[in-house]
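The sequence shown begins at 1 in the UniProt record's numbering and counts up by one. Glycine included, C-beta positions come from ideal geometry on N, C-alpha and C. Note that the structure is predicted; figures quoted are calculated from it, not measured. The structure appears right after this line, and notes come after that.
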Amino acid sequence: MTIELSERVKTVPPSGIRRFFEIAEERDDVISLGVGEPDFSTPWAARDAAIASLEQGKTSYTANRGKRELRDAISTYVSDRFDLEYDPDEQIIVTAGASEAVDLAFRALVDPGETVAIAQPAYISYEPGVIFAGGEVLSVPTSKGDDFRLTVGALEEAGAADADLLVLCYPNNPTGAIMREDDLEPIAAFAREHGLTVLSDEIYAELTYDGEHVSIATLPGMRERTVVFNGFSKAHAMTGLRLGYALGPTDVIGAMNRIHQYTMLSAPTTAQYAALEALESCHDDVREMVDQYDRRRRFVLSRFREIGMDVFEAKGAFYCFPEVPAGVSATEFAEEVLHEQGVAVVPGDVFGEGGTGHLRVSYATGLEELREALARIETFVEEND
Ligand code: PMP
Numbered sequence: 001m002t003i004e005l006s007e008r009v010k011t012v013p014p015s016g017i018r019r020f021f022e023i024a025e026e027r028d029d030v031i032s033l034g035v036g037e038p039d040f041s042t043p044w045a046a047r048d049a050a051i052a053s054l055e056q057g058k059t060s061y062t063a064n065r066g067k068r069e070l071r072d073a074i075s076t077y078v079s080d081r082f083d084l085e086y087d088p089d090e091q092i093i094v095t096a097g098a099s100e101a102v103d104l105a106f107r108a109l110v111d112p113g114e115t116v117a118i119a120q121p122a123y124i125s126y127e128p129g130v131i132f133a134g135g136e137v138l139s140v141p142t143s144k145g146d147d148f149r150l151t152v153g154a155l156e157e158a159g160a161a162d163a164d165l166l167v168l169c170y171p172n173n174p175t176g177a178i179m180r181e182d183d184l185e186p187i188a189a190f191a192r193e194h195g196l197t198v199l200s201d202e203i204y205a206e207l208t209y210d211g212e213h214v215s216i217a218t219l220p221g222m223r224e225r226t227v228v229f230n231g232f233s234k235a236h237a238m239t240g241l242r243l244g245y246a247l248g249p250t251d252v253i254g255a256m257n258r259i260h261q262y263t264m265l266s267a268p269t270t271a272q273y274a275a276l277e278a279l280e281s282c283h284d285d286v287r288e289m290v291d292q293y294d295r296r297r298r299f300v301l302s303r304f305r306e307i308g309m310d311v312f313e314a315k316g317a318f319y320c321f322p323e324v325p326a327g328v329s330a331t332e333f334a335e336e337v338l339h340e341q342g343v344a345v346v347p348g349d350v351f352g353e354g355g356t357g358h359l360r361v362s363y364a365t366g367l368e369e370l371r372e373a374l375a376r377i378e379t380f381v382e383e384n385d
């Protein structure tokens with residue numbers, strides 16, 4: 001007997017990233033530059049807070065929107081760090097990772113047949129999220145010529161003026177691109193002019209190496225039409241604790257909470273205690289991790305240039321996005337470098353339009369491993385020249 005699956009689930013292919021992990025896991029000599037998660041452990045103060053909460057038996061559900069103290073702390077943190085002003089009662093929801101927040105936003109805002117424009121290359125979960133919500137995806141490719149920043153020209157060319165929502169992810173996964181205030185201003189003007197709601201995934205906001213992150217929600221007239229996502233997975237190295245949040249207009253956060261209260265009830269309680277401590281006392285740990293990522297970033301960029309692979313100057317997150325040599329596709333390069341040299345990277349194509357011919361290389365890996373991985377890539381490029 002076969003059980004008939006829904007059409008929506010059937011249209012979404014399995015993750016192109018997982019496939020590479022599965023091959024990599026079969027061998028024990030592989031260095032993985034394929035993962036999108038910190039190699040650091042969660043700072044001890046946050047772990048201790050989680051442990052203490054368990055010892056004290058704090059294992060019940062919390063308020064649907066998250067513990068009040070945590071929402072207060074998030075409100076203070078985003079105000080201090082990014083000039084984002086949100087009311088902890090009505091405009092913040094704590095979720096099971098930023099992933100849940102993204103999914104809730106699509107389900108709360110997209111009606112069947114509505115169009116969601118996605119600036120690409122982009123994190124792989126947006127497109128399936130739109131499809132699960134019944135929406136249509138419009139790819140808006142960015143390019144190396146624009147340092148992978150979104151431009152109004154790209155929006156116009158893709159026909160995004162007729163879209164209902166626009167998804168942005170800066171600092172970007174997979175390119176490492178950032179958008180400065182003067183890059184965001186024309187995008188904000190476009191969104192206002194065409195009545196687009198903006199979903200801005202800012203989970204890498206702490207990880208910038210050339211100036212501070214600017215949120216599009218801080219630009220004039222944008223707060224009321226933007227939902228911002230953030231979380232603890234990247235900056236605080238808390239991926240497995242599954243904690244994120246969304247900031248947005250009262251009615252949108254209320255609608256997201258209406259779904260969340262039935263589907264999730266509340267985000268993981270233990271993780272909420274860890275997150276509260278992370279915001280209160282782990283600032284120096286974050287700075288230390290960011291310094292290390294920056295050192296690795298500079299090393300990886302300079303090595304790719306030495307190897308003769310063209311690489312755009314990534315300025316945020318923990319990825320760089322080199323171009324594969326002429327005559328080979330990114331998928332071929334990734335498969336062969338994994339097979340021949342035991343280095344796992346991800347072909348840019350899996351992140352949508354604009355990623356073709358590139359590789360996502362994560363430097364959330366120690367310098368020694370990076371050194372070895374880049375030496376192996378160099379050998380591979382020389383042998384296949
Ligand atoms: N957004 C982006 C851009 C990401 O790279 C990731 C994780 N790879 C997420 C969201 C999901 O993060 P979380 O662990 O908070 O669900």
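Assigned secondary structure, residue i (DSSP; H/G/I helix, E/B strand, else coil)
i: residue 208; result: strand
i: residue 363; result: coil
i: residue 245; result: strand
i: residue 257; result: helix
i: residue 200; result: strand
i: residue 165; result: strand
i: residue 229; result: strand
i: residue 323; result: strand
i: residue 350; result: helix
i: residue 75; result: helix
i: residue 130; result: helix
i: residue 345; result: coil
i: residue 97; result: helix
i: residue 358; result: strand
i: residue 92; result: strand
i: residue 386; result: Outside the modelled stretch of the chain, which goes from 1 to 385, sits residue 386, for which no answer is possible.
i: residue 252; result: helix
i: residue 9; result: helix
i: residue 311; result: strand
i: residue 270; result: helix
i: residue 65; result: coil
Residue of the options minimising C-alpha distance to residue i
i: residue 160; options: 311, 196, 314; result: 196
i: residue 122; options: 21, 203, 65; result: 203
i: residue 212; options: 238, 171, 200, 107; result: 171
i: residue 130; options: 107, 143, 345, 330; result: 107
i: residue 244; options: 14, 104, 214; result: 104
i: residue 205; options: 173, 185, 190; result: 173
i: residue 375; options: 98, 240, 100, 302; result: 302
i: residue 354; options: 181, 177, 380, 261; result: 177
i: residue 308; options: 324, 268, 61; result: 324
i: residue 85; options: 271, 219, 371; result: 219
i: residue 39; options: 258, 6, 62, 293; result: 293
i: residue 351; options: 364, 330, 46, 363; result: 330
i: residue 275; options: 163, 96, 340; result: 96
i: residue 139; options: 260, 163, 1, 295; result: 163
i: residue 228; options: 83, 25, 190; result: 83
i: residue 7; options: 52, 128, 306; result: 128
i: residue 250; options: 88, 28, 52, 175; result: 88
i: residue 362; options: 190, 187, 36; result: 36
i: residue 226; options: 216, 144, 232; result: 216
i: residue 31; options: 314, 312, 377, 385; result: 377
i: residue 266; options: 200, 99, 61; result: 61
i: residue 112; options: 239, 295, 186, 135; result: 135
Span of the beta strand (DSSP E), counted from its first residue to its last, around residue i
i: residue 136; result: 136-141
i: residue 115; result: 115-120
Supposed close pair residue i, residue j - CB separation, criterion 8 Å
i: residue 94; j: residue 118; result: The Cβ separation is near 25 Å, so there is no contact.
i: residue 322; j: residue 367; result: Between residue 367 and residue 322 the Cβ distance is about 18 Å, and since that is not below 8 Å, they are no contact.
i: residue 235; j: residue 207; result: 6 Å
i: residue 124; j: residue 17; result: 6 Å
i: residue 92; j: residue 65; result: 7 Å
i: residue 380; j: residue 337; result: 5 Å
i: residue 141; j: residue 154; result: 6 Å
i: residue 50; j: residue 237; result: No, residue 50 and residue 237 are not in contact; Cβ-Cβ is about 13 Å, not under 8 Å.
i: residue 214; j: residue 180; result: 6 Å
i: residue 282; j: residue 45; result: 6 Å
i: residue 252; j: residue 222; result: Residue 252 to residue 222, Cβ: 13 Å. No contact.
i: residue 312; j: residue 147; result: 6 Å
i: residue 334; j: residue 347; result: 5 Å
i: residue 116; j: residue 165; result: 5 Å
Span of the alpha helix (DSSP H), counted from its first residue to its last, around residue i
i: residue 286; result: 283-307
i: residue 331; result: 330-341
i: residue 53; result: 44-55
i: residue 318; result: Per DSSP, residue 318 belongs to no alpha helix (DSSP H) and is neither H nor E.
i: residue 3; result: Residue 3 -> no alpha helix (DSSP H), and no H or E assigned at all.
i: residue 224; result: Unbroken run through residue 224: none, as it is neither H nor E.
i: residue 21; result: 16-25
i: residue 192; result: 181-194
i: residue 153; result: 152-158
Which residues count as close to the ligand PMP when the rule is a CB under 6 Å from any of its heavy atoms, in chain order? Taking a cut-off of 6 Å from the heavy atoms of the ligand PMP, the residues with a C-beta inside it are 36, 97, 98, 99, 123, 169, 173, 201, 203, 231, 233, 239, 244.
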